[in-house]
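Peer 1: So that you can map any letter, position 49 of the sequence shown is 68 in our numbering, and since no number is skipped, the others follow by simple counting. Okay, here's the structure, questions in a sec.
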Amino acid sequence: GGEVLEWLPRGSLVADGDYDERKDLAFYQSDAPAVRLAAMPGVFSIFNPLDAHRGGIQVEAGPTEVLKLVVKIPVAAFSSSNHP
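Now the structure itself:
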């Protein structure tokens with residue numbers, strides 16, 4: 020299966036409610052058009068903390084079953100002080 024992901028820079032959005040720390044989730048609103056990405060088998064996407072993204076959008080071919088893995092890596096893991 021596959022799904023469509025939408026991406027926008029988070030700075031272009033307006034918060035729509037409070038950040039849910041337990042779910043690590045926030046909702047936003049925007050009038051700007053989003054960049055649409057096809058997430059198909061064998062494809063992966065990487066988003067950073069300044070990215071806003073939305074998944075679960077049906078592909079044009081119709082509904083399909085999607086199996087995905089989400090891994091969240093702390094930003095601190097990428098700081099230069101963590102590398103020799």
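For glycine and all other residues, C-beta sits at the position ideal for the given N, C-alpha and C. Fair warning: this is a prediction, and the values are worked out from it, not measured in the lab.
1. From Val33, Val85, Lys87 and Leu69, pick the residue whose C-alpha is nearest to that of valine 94; which is it?
2. Under 8 Å Cβ to Cβ from alanine 53, same chain only, skipping five residues before and after it: list those, please.
3. Looking at the strands, I want to know which residues DSSP matches up with valine 54.
4. With isoleucine 76 as the anchor, note down where its beta strand (DSSP E) starts and where it stops.
5. Distance, Cα to Cα, leucine 18 vs serine 64?
6. Do you know how far the Cα of serine 99 is from the Cα of tyrosine 47?
7. Within 10 angstroms of the Cβ of alanine 51, are there 16 or more other Cβ atoms? Answer buried if so, exposed if not.
8. Please go through the same chain and pick out, in chain order, the residues whose beta-carbon is closer than 7 Å to the beta-carbon of arginine 55, but skip the five residues on each side of it.
Peer 2: Result, derived from the coordinates:
1. Numbered from 1 along the sequence shown, position 75 holds the residue referred to as residue 94. For the residues Val33, Val85, Lys87 and Leu69, the minimum Cα distance to valine 94 belongs to Leu69.
2. Here residue 53 refers to the residue found at position 34 of the sequence shown. Around alanine 53: Glu25, Trp26, Leu27 and Arg73.
3. Translated into the one-based positions of the sequence shown, residue 54 becomes position 35. According to DSSP, valine 54 bridges with Trp26.
4. Sequence index remark: in the sequence shown, residue 76 carries index 57 (1-based). Taken as a continuous stretch (DSSP letters only), the beta strand (DSSP E) holding isoleucine 76 covers 70 to 76.
5. Given that the chain is displayed from residue 20 to residue 103, the structure contains no residue 18 and the question cannot be resolved.
6. Against the sequence shown, residue 47 aligns to sequence position 28. Against the sequence shown, residue 99 aligns to sequence position 80. Going from the Cα of tyrosine 47 to the Cα of serine 99 covers about 31 Å.
7. As a working note, residue 51 is residue 32 in the sequence shown. Exposed, by the Cβ-count rule.
8. Taking the sequence shown and counting its residues from 1, the one referred to as residue 55 is at position 36. Result list for arginine 55: Val23 and Glu25, in chain order.
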